[in-house]
Amino acid sequence: MLVNYNPPMSPYLTILFQDDDLLIVNKPSELLTVPGKDPKHADSLINRVNRVFPTAKIVHRLDMATSGILCLAMNKAAHRHLSMQFQERETAKRYIARVYGQLETETGSVDLPLICDWPNRPKQMVDHDNGKPSLTHFKVLEREVQATRVELTPITGRSHQLRVHMLSLGHPILGDRLYAHKDALAAAPRLQLHAQMLQLKHPVTEQVLTFEAESEF
């Protein structure tokens, strides 16, 4: 449930790459990827893009609070090709996050199955009996006094995967309104999670392309 939806107006739309088949954008935090049901939630990444490129279609999504690289297809054939890459896990993604506290190890993995926490949706939770397999690799980049900057590599693409996996380690992502405890929530003005890198094959040439956008935090 969205209360007081107030998406950023500047930058309005940041395009990193565009040709006849593929569009790569850098989504700001607090902008929906697709519009919500309420007319007040119409402003979204896809609606902003469609004003300029009417045929563009979303291939994958980022949570509203998450910033970073998003891929769109400019036509139906490209959409089929790109969607299959995501489905078959042929893409590579890398995220940057700041989490609460100090991770004990420099590198590691979280392999915990996830399912929707239905009474508390849109929250997700670990469920060993009914959850879908979910795997995240992490690497410490920098240690702060009360936080750790980490690189997160999701192997699967479950909803809220990185947020729940970091929470399961006892290190919620700073500024996370859904999962952070009071101190971790107060430690940042926004969710400290950014989709920093996306690698995929061009839907026509099949050339491997890598896109990067640095985080603002």
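The numbering used here numbers the first residue of the sequence shown as 833 and each following residue consecutively.
Here a beta-carbon is modelled for each residue, glycine too, at the ideal position from N, C-alpha and C.
Considering Cα atoms alone, identify which of Leu864, Ser876, Tyr837 and Cys903 is closest to Phe849. Cys903
What do you get for Gln993, buried or exposed, if any count of 16 or more other CB atoms within 10 angstroms of its CB means buried? buried
As an exercise, report each continuous beta strand (DSSP E) stretch of at least 3 residues that is fully enclosed by the segment 946-990, in chain order. 946-948, 956-958, 967-975 and 979-986
For the beta strand (DSSP E) that contains Lys1033, what are its first and last residues? Leu1025 to Lys1033
Which residue spans inside the segment 842-879 form an unbroken beta strand (DSSP E) run of at least 3? 847-850 and 854-859
Does the distance from the C-beta atom of Leu1032 to that of Ala897 stay below 7 Å? no
Across which residues does DSSP place Arg926 in a beta bridge pair? Met1029
Considering Ala905, what are the terminal residues of the beta strand (DSSP E) in which it resides? Ser899 to Ala905
In three-state DSSP terms, what is Ser941? strand
At a threshold of 6 Å, does Asn836 count as lining the ligand FMN (C-beta to nearest heavy atom)? Among the components of this structure there are no ligands whatsoever, and the ligand FMN is therefore not found.
Compute the Euclidean distance between the alpha carbons of Arg912 and Lys964, then round it to the nearest angstrom. 24 Å
Tell me which same chain residues have a C-beta within less than 6 Å of the C-beta of Arg981, skipping the five on either side of it? Arg930, Leu973 and Glu974
Let me check one thing: in DSSP terms, what residues is Tyr932 bridge-paired to? Ala979
Apart from the five residues on each side of it in sequence, which residues of its chain come closer than 7 Å, Cβ to Cβ, to Tyr837? Lys872 and His873
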